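Written below as structure tokens is the structure these notes are about.
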Amino acid sequence: MTQIIDRFAPIAGRYRAAFVDLWGCLHNGYKPFPGAVAALESFRARGGIVILLTNSPRPRPSVIRQLDKIGVPRDLYHDIAASGDASQFALASGAVGNRVYHLGPERDLGFFADLPTDVLGDQVIERVALEDATGIVCTGLFDDDTETPEDYRATLLYAKTKGLKLLCTNPDLIVDKGDKRIYCAGALARAYEDMGGTSLYYGKPHPAIYDLARDRLAAIGDIANSEIICIGDGIATDIAGAMAEDMDSLFITGGLAAAETGTVDGRPDAGKLTAFLDRHMLSPQYAMGALR
Numbered sequence: 029m030t031q032i033i034d035r036f037a038p039i040a041g042r043y044r045a046a047f048v049d050l051w052g053c054l055h056n057g058y059k060p061f062p063g064a065v066a067a068l069e070s071f072r073a074r075g076g077i078v079i080l081l082t083n084s085p086r087p088r089p090s091v092i093r094q095l096d097k098i099g100v101p102r103d104l105y106h107d108i109a110a111s112g113d114a115s116q117f118a119l120a121s122g123a124v125g126n127r128v129y130h131l132g133p134e135r136d137l138g139f140f141a142d143l144p145t146d147v148l149g150d151q152v153i154e155r156v157a158l159e160d161a162t163g164i165v166c167t168g169l170f171d172d173d174t175e176t177p178e179d180y181r182a183t184l185l186y187a188k189t190k191g192l193k194l195l196c197t198n199p200d201l202i203v204d205k206g207d208k209r210i211y212c213a214g215a216l217a218r219a220y221e222d223m224g225g226t227s228l229y230y231g232k233p234h235p236a237i238y239d240l241a242r243d244r245l246a247a248i249g250d251i252a253n254s255e256i257i258c259i260g261d262g263i264a265t266d267i268a269g270a271m272a273e274d275m276d277s278l279f280i281t282g283g284l285a286a287a288e289t290g291t292v293d294g295r296p297d298a299g300k301l302t303a304f305l306d307r308h309m310l311s312p313q314y315a316m317g318a319l320r
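To convert, take the position in the sequence shown, counting from 1, and add 28; that gives the working numbering.
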């Protein structure tokens, strides 16, 4: 049975580390949520370790720059594990070949920089036109402010006829950017699968990103799964991933699922929350409207 709570502090002492989602939990794409910052500052002050666990298609250095830009304090977190990091390892290990078509905006070109040389070896990854590609690296839509997955139907059908695999660097389907809901790489990957193509995932809820997060946590301290809480607003990513990894979770209902959970004034409606969780057949330990 999921317990609805109003603040993180009363349960925080049960955990030594937190894997914390970014979009919809810590920030909205433009600025951090003050309540979330305060909650994590308090957790750190008590000795808690904060690992930001994000489905961002960008690797760790790019995520840090983005967080700096929108005002997330660096001393709020100990480290970051991004879907972009885990996907880089997959690309370097040959998951989609070494001539790849980049499906995504120019702002994500940093994904192709600083690939892990210990995995890459003598390989050279080239970005090429779709007709010359051995695979696709999808970091998102070219213009997520105006486009939808339907705009890519012809491109994806062509890729399917060529038998190309699609490496999805961000399994999220949608995200709230300010007050606007936009599509992510995961929506294109799902559309590709729906038409018979093969998509590969390395972010939440898939194991690779959790392995990476635990590796980075282990560099700080020896902490068991039972001492980690996963916090996020994605029922199919943050919560499903935490449950698959046998870790406790705190579902932030006021993000992507605000309407479905009846979240008003920072608290979900108990009946609507139960119905929502039952539909998804998931049961996080805790739920709250917004991290605070």
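Glycine included, C-beta positions come from ideal geometry on N, C-alpha and C. Since the model is a prediction, treat every value here as computed from it, not as a measurement.
The beta carbons of N83 and D204 sit no closer together than 8 angstroms. Judged by pairs of C-beta atoms under 8 angstroms, the segment 244 to 259 touches the segment 69 to 80, as three or more such pairs exist. Counting only the Cα atoms, P85 lies some 14 angstroms from L95.
With fewer than 16 other Cβ atoms from the protein chains shown falling within 10 Å of its own Cβ, R135 counts as exposed. Of the candidates A303, V152, K188 and T176, the residue whose Cα lies closest to the Cα of I164 is K188. A direct Cα-to-Cα measurement between Q151 and K190 gives close to 23 angstroms.
Per the coordinates, the alpha-carbon of I263 lies some 10 angstroms from the alpha-carbon of S311. Around the beta carbon of N198, 16 or more other beta carbons sit within 10 angstroms, so the residue counts as buried.
Looking at the DSSP output, M316 sits in a beta bridge with I280.
Between the segment 164 to 183 and the segment 200 to 215, the count of C-beta pairs closer than 8 angstroms reaches three or more; the two stretches touch. Judged by DSSP in its simplified three-state form, P60 adopts strand. Within the same chain, and ignoring the five residues on either side of Y129 in sequence, the residues whose Cβ sits closer than 6 angstroms to its Cβ are L158, A161 and I164.
Between I39 and I33 the beta-carbon gap is near 6 angstroms, inside 8 angstroms, which marks them as a contact. Contact between the segment 110 to 119 and the segment 137 to 146 is present: 3 or more CB-CB pairs across the two stretches fall below 8 angstroms. For Y211, DSSP records a beta bridge to I202. Selection F61, T302, A73 and D107 evaluated against R242 yields D107 as nearest (Cα-Cα). As summarised for the segment 106 to 185, the continuous beta strand (DSSP E) elements at least 3 residues long and confined to that stretch are 107 to 110, 127 to 131 and 163 to 166, given in chain order.
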